[in-house]
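A.B. asks: Here the numbering used here is used: the first residue of the sequence shown is 18, the next is one more, and so on.
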Amino acid sequence: MRIRVLACLIFLLVISGAAYPSDYNNAVQIKVILKTRKAENGQPIRYLKTENPEVTVLDVVLPPGAETGWHSHPVPVYAYVLSGTLVVKMKGGGTHLFKAGDAIIEPMDTPHDGLNTGNTPVHLIAFYTGEAGRPYVIKTPCPNATDRGNAKKGF
Numbered sequence: 018m019r020i021r022v023l024a025c026l027i028f029l030l031v032i033s034g035a036a037y038p039s040d041y042n043n044a045v046q047i048k049v050i051l052k053t054r055k056a057e058n059g060q061p062i063r064y065l066k067t068e069n070p071e072v073t074v075l076d077v078v079l080p081p082g083a084e085t086g087w088h089s090h091p092v093p094v095y096a097y098v099l100s101g102t103l104v105v106k107m108k109g110g111g112t113h114l115f116k117a118g119d120a121i122i123e124p125m126d127t128p129h130d131g132l133n134t135g136n137t138p139v140h141l142i143a144f145y146t147g148e149a150g151r152p153y154v155i156k157t158p159c160p161n162a163t164d165r166g167n168a169k170k171g172f
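#1: Helix, strand or coil for D40 per DSSP?
#2: Looking at the secondary structure, which residues open and close the beta strand (DSSP E) in which V77 lies?
#3: Just how far apart, CA to CA, sit E71 and H90?
#4: Out of G59, K55 and K52, which has the shortest C-alpha to C-alpha gap to G111?
#5: Hey, how far is the Cα of L65 from the Cα of Y153?
#6: Got a sec? Which residues, its chain only, sit under 6 angstroms from A96 by beta carbon, not counting five neighbours each side?
#7: Taking C-alpha atoms, which residue in G82, T137, V92 and K156 lies nearest to A56?
#8: Counting only the same chain and skipping the five closest in sequence on each side, list residues whose C-beta sits under 6 angstroms from that of T102.
#9: Note the first and the last residue of the continuous beta strand (DSSP E) segment covering V105.
#10: With 16 as the cutoff for other CB atoms within 10 Å, does D126 come out buried or exposed?
#11: Using only the alpha-carbon positions, how far apart do G118 and T67 sit?
#12: Do you know how far the Cα of P128 is from the Cα of M107?
#13: Among all the DSSP beta bridges, which residues are the ones paired with V94?
#14: Please report the residue range of the beta strand (DSSP E) in which K116 lies.
#15: Taking 8 angstroms as the CB-CB cut-off, is P81 touching chain B?
#16: Please classify T146 as buried or exposed, where buried requires at least 16 other C-beta atoms within 10 Å of its C-beta.
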């Protein structure tokens, strides 16, 4: 468990751009998984300004055929896919595909729905960089009748 937590913390440092291979002793191996200034939908990355910061890390599993339900995040959210393939549908029609080893930079305040359309579970670790007492998932109605989705639990 400690190794997983350490790996997750290193992941956050790499995503934030705060860690570089030269910052560690030569025995530590670092591989940049993703470095970006934009969320998956092209939205510029924003950080929350708060006096009460709180980080929540979730271990999320979507069985085959499951979906998160339409939701949005009022706080920055980052995820790492451990296994499976996740399809994320965005309000407005955009669709993104994430597989094991991919990092996800979720857009803020943009409704989306995560679906496991495969035959194996999707397993991911999600990092919510929010504010104590403030929700990090907001259920939203399905943006249009042709989209599959509902307002079930979001990740």
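For each residue, glycine too, the CB sits at the ideal point set by N, CA and C.
C.D. replies: Well, looking at it:
#1: Three-state result, D40: helix.
#2: It spans P70 to L79 - the beta strand (DSSP E) in which V77 sits, taken as one unbroken run.
#3: Rounded to whole angstroms, E71 to H90 spans 14 angstroms at the Cα level.
#4: Scanning G59, K55 and K52 for the CA closest to the CA of G111 turns up G59.
#5: Whole-angstrom Cα-Cα distance: 12 angstroms.
#6: The residues are I121, L141 and A143.
#7: A56 has its Cα closest to that of V92, out of G82, T137, V92 and K156.
#8: K116 and G135, listed in sequence order.
#9: For V105, the uninterrupted beta strand (DSSP E) run begins and ends at T102 to M107, by DSSP.
#10: With fewer than 16 Cβ atoms within 10 Å of its Cβ, D126 is classed as exposed.
#11: Cα-Cα distance, rounded: 31 angstroms.
#12: In a straight line, the C-alpha of M107 is about 6 angstroms away from that of P128.
#13: According to DSSP, residue pairing for V94 in a beta bridge involves E123 and Y145.
#14: Segment T112 to K116, the beta strand (DSSP E) holding K116.
#15: Of the protein chains in this structure there is only one, and it is not chain B.
#16: Counting Cβ neighbours within 10 Å, T146 comes out buried, since at least 16 surround it.
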